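All residue numbers for the sequence shown refer to UniProt numbering, where the first residue is 1 and numbers rise by one.
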Amino acid sequence: MIRFEHVTKRYADGTTAVDDLSFEVAEGELVTLVGPSGCGKTTTMKMVNRLIEPTDGRIFLDGDDISAIDPVQLRRRIGYVIQQVGLFPHKTVLENTATVPHLLGWKRGKGRERAAELLDLVGLDPSVYGDRYPEQLSGGQRQRVGVARALAADPPVLLMDEPFGAVDPVVRERLQNEFLRLQARVRKTVLFVTHDIEEAVRLGDRIAVYGQGRIEQFDPPATVLGAPATPYVADFVGADRGLKRLSVTPVEESDLDRPPVVHLDDPLAKATERLRAQGARWAVVLDGEDQLHGWIPAQDASPAKTGGTVREHARRMEAWLPLGAPLKQAFATMLQHDAGWIAVVDRESNGRFLGVLTPARLHEALRRSIDADAQDVPRAGVAVETVASVAGP
Ligand SMILES: Nc1ncnc2c1ncn2[C@@H]1O[C@H](COP(=O)(O)OP(=O)(O)OP(=O)(O)O)[C@@H](O)[C@H]1O
Ligand SMILES: [Mg+2]
């Protein structure tokens with residue numbers, strides 16, 4: 001969809017901002033560009049919509065050499081979102097969002113209808129926010145209007161230059177999540193610039209790590225984190241690699257422990273029997289639908305307490321997680337429930353209980369993931385919920 005062929009940009013003062021850059025972004029792919037200040041990220045973006053012309057090389061959009069496309073025509077195919085958003089202060093949110101349809105000569109009603117739809121899509125109720133002015137919005141809300149406006153003409157390509165750079169970390173994470181959900185629906189081809197490796201990892205199908213004017217590595221997040229191509233990249237992705245790997249390593253079936261399992265309506269004697277047979281200190285309790293109910297400790301299922309069912313002794317515990325969720329989510333769930341284990345369920349088969357993940361097993365999984373990378377084996381098929389999975393080219 002977007003192809004750079006040996007693109008160089010030298011500014012008039014002799015600064016080489018981009019040096020012989022070649023890469024390709026597939027249709028529907030979200031590529032994050034990450035790197036230190038001044039490494040050429042913005043220059044790269046602006047060459048795509050011809051706000052900047054390359055000194056050398058060629059750029060193709062959907063097979064067309066963009067140097068042969070009229071810049072105004074070209075920009076209609078490309079949405080552009082920047083950090084300071086650049087909303088018109090004297091126009092309402094709705095009018096701002098309808099700017100591009102308006103420029104494209106859409107009928108006023110149709111443009112506003114589309115704008116309202118898009119505001120809704122980015123989580124701003126048009127009946128609440130539509131008539132406000134930009135200064136009456138929070139920073140995060142303004143960014144959302146910026147995204148809505150960029151999507152208004154339904155361009156196949158989005159360029160986003162640190163769109164969430166100016167908002168606080170909490171709002172930022174929410175905007176990132178919303179943007180991922182949005183992207184799963186609209187499937188634009190996206191170039192997304194960020195300073196922040198965490199953001200690059202969360203959002204990118206692939207990450208382009210920039211050095212000075214060059215791409216040092218262009219790979220899926222798990223590979224960039226786990227198998228940095230150069231010492232520079234390793235340095236850039238940082239020492240807290242283990243922590244970052246938590247976000248890209250999924251919980252797998254082989255990570256799970258299988259404690260004894262009983263059902264609410266089982267006779268207590270059955271629980272006693274199970275626990276003794278496995279020498280376990282507790283059993284998982286499921287309800288009639290095989291959904292997690294909680295647990296029962298061994299002392300409550302002792303032979304002394306005969307009679308009755310598991311139900312009378314079961315304790316509630318609702319910490320669970322779908323298989324394939326990132327270890328980070330598992331860790332967060334453990335902390336949230338202050339739990340020594342969490343149930344892992346199969347989302348495919350209606351939340352069927354599969355086993356439990358314990359802190360020790362989580363640690364093992366993390367170690368294995370880091371070790372696998374140390375041996376240069378990029379992990380395939382990372383099923384991270386937060387990273388939209390789009391096949392590469
Ligand atoms: N108009 C210009 N004239 C001369 N040099 C420029 C011009 N615009 C950018 N540069 C230089 O080109 C290099 C790349 O700039 P660019 O804006 O692409 O960096 P960036 O990666 O987007 O940085 P940041 O993360 O700070 O936004 C920098 O050294 C910058 O100073
Ligand atoms: Mg920049």
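No residue lacks a Cβ here, since even glycine has one placed at the ideal position from N, Cα and C. Just so you know, these numbers come straight off a predicted model, no measurement behind them.
Tell me the rounded alpha-carbon separation between residue i and residue j.
i, j, result
"Glu173", "Arg352", "30 Å"
"Gly139", "Ala166", "8 Å"
"Asp13", "Gln136", "41 Å"
"Leu151", "Ala325", "30 Å"
"Phe192", "Leu33", "6 Å"
"Val248", "Ser349", "24 Å"
"Pro36", "Trp295", "50 Å"
"Glu95", "Gly123", "17 Å"
"Val186", "Asp20", "32 Å"
"Ser67", "Leu182", "31 Å"
"Glu117", "Phe236", "40 Å"
"Arg50", "Arg58", "12 Å"
"Arg245", "Leu225", "7 Å"
"Asp65", "Arg3", "9 Å"
"Leu119", "Ala343", "38 Å"
"Lys9", "Asp131", "42 Å"
"Tyr80", "Met1", "16 Å"
"His363", "Ala280", "21 Å"
"Ala98", "Arg144", "14 Å"
"Pro89", "Arg214", "37 Å"
"Leu87", "Glu253", "48 Å"
"Asp70", "Leu61", "13 Å"
"Ile207", "Ala229", "12 Å"
"Lys41", "Leu175", "21 Å"
Can you tell me where the beta strand (DSSP E) holding residue i begins and where it ends?
i, result
"Gly355", "352-357"
"Leu61", "56-61"
"residue 399", "Lying outside 1 to 393, the shown extent of the chain, residue 399 is not represented and no answer is given."
"Gln217", "215-219"
"Ser22", "16-25"
"Thr309", "Counting along the chain, Thr309 falls outside any beta strand (DSSP E), and DSSP gives it neither H nor E."
Quick check: does the Cβ of residue i come within less than 6 Å of any heavy atom belonging to ligand 2?
i, result
"Thr15", "no"
"Lys107", "no"
"Lys9", "no"
The alpha helix (DSSP H) with residue i in it runs from where to where?
i, result
"Gly146", "139-151"
"Val93", "93-97"
"Pro322", "Looking at the DSSP string, Pro322 is not in any alpha helix (DSSP H); the run it does join, the beta strand (DSSP E), is 320-322."
"Asp120", "108-121"
"Glu199", "197-203"
"Lys9", "That residue, Lys9, is in no alpha helix (DSSP H); its beta strand (DSSP E) goes 2-10."
Just to check, is the beta-carbon of residue i closer than 6 Å to a non-hydrogen atom of ligand 1?
i, result
"Thr42", "yes"
"Gly123", "no"
"Gly38", "yes"
Please check the pair residue i and residue j, which I expect to be a contact at CB under 8 Å, by giving their CB distance rounded to whole angstroms.
i, j, result
"Leu323", "Asp287", "That pair is no contact at about 19 Å."
"Thr309", "Leu264", "7 Å"
"Gln217", "Val233", "5 Å"
I'd like to know whether the C-beta of residue i is nearer than 7 Å to at least one C-beta of chain D.
i, result
"Gly14", "Among the chains of the structure shown, chain D does not appear; only one protein chain is present."
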